[in-house]
Amino acid sequence: ILDYHALDGGPILYVGSPHMAVDGLKTPEAGKALLKMLLAHSVSPAFTYFHSWDVGDVVIWDNTQTLHHAMPYDNDGTTHRELYRTQSRLKLPKALITDEAETKSNNEEL
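Quick note, my numbering runs 1 ahead of the 1-based positions in the sequence shown.
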């Protein structure tokens, strides 16, 4: 459920999938309840950003630390929407490479 970002060490909470399970609790229901509570907390207003789009807007986010989804919007067919996805690859500085990351990547691009 909890991991840490490879670059800044910040916590990452993985709770977005309805198919997740939590090991180590007494019952599967207890795991589902924990995940439900964590998801509700993570999408609370204090952690939520809503964007009101204007022509020319660009929004960029770190997909490893963001739970996101599109909201319904009115479109009579005259509105054109474009979405581009980009990905960056980087080499981690040796000081930031954990044993796990080094094992996974053999110190190659992540």
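In this text, a Cβ means the ideal position worked out from N, Cα and C, and glycines have one as well.
Quick caveat: nothing in here was measured; it's all calculated off a predicted structure.
Within a Cβ cutoff of 7 Å, which residues of the same chain sit near residue i, ignoring the five residues on either side of it in sequence?
{"i": "PRO12", "result": "LEU3, TYR5"}
{"i": "PRO29", "result": "ALA22"}
{"i": "THR65", "result": "HIS6, ILE13"}
Would residue i and residue j be called neighbours here (beta carbons separated by less than 8 Å)?
{"i": "LEU68", "j": "SER43", "result": "yes"}
{"i": "LEU40", "j": "VAL23", "result": "no"}
{"i": "ALA60", "j": "HIS70", "result": "The question names Ala, but residue 60 in the sequence shown is Val. No."}
Is it buried or exposed for residue i, if we count other Cβ within 10 angstroms and need 16 for buried?
{"i": "LEU36", "result": "buried"}
Ordered along the chain, which non-local residues of its own chain (more than five positions away) have a Cβ less than 6 Å from that of residue i?
{"i": "SER106", "result": "The predicted position of SER106 is uncertain, since its pLDDT is 44 and thus under 50; a value taken from the coordinates is nonetheless stated next. No residues qualify anywhere along the chain."}
Figure out for me which residue from the options has the closest Cα to the Cα of residue i.
{"i": "VAL56", "options": "THR80, LYS27, GLN66", "result": "THR80"}
{"i": "PRO73", "options": "LYS27, THR65, ARG82", "result": "ARG82"}
{"i": "SER18", "options": "TYR85, GLY32, TRP62, THR87", "result": "GLY32"}
{"i": "HIS20", "options": "LEU8, ALA34, TRP54", "result": "ALA34"}
{"i": "TRP54", "options": "ASP75, SER45, ALA47", "result": "ASP75"}
With which residues is residue i paired in a DSSP beta bridge?
{"i": "PRO12", "result": "TYR5"}
In chain order, what residues of the same chain lie with their CB nearer than 8 Å to the CB of residue i, ignoring the 5 residues before and after it?
{"i": "GLU103", "result": "Low per-residue confidence applies at GLU103: pLDDT is 46, beneath 50, and the placement is therefore not dependable enough to give any value."}
{"i": "LEU26", "result": "GLY32, LEU35"}
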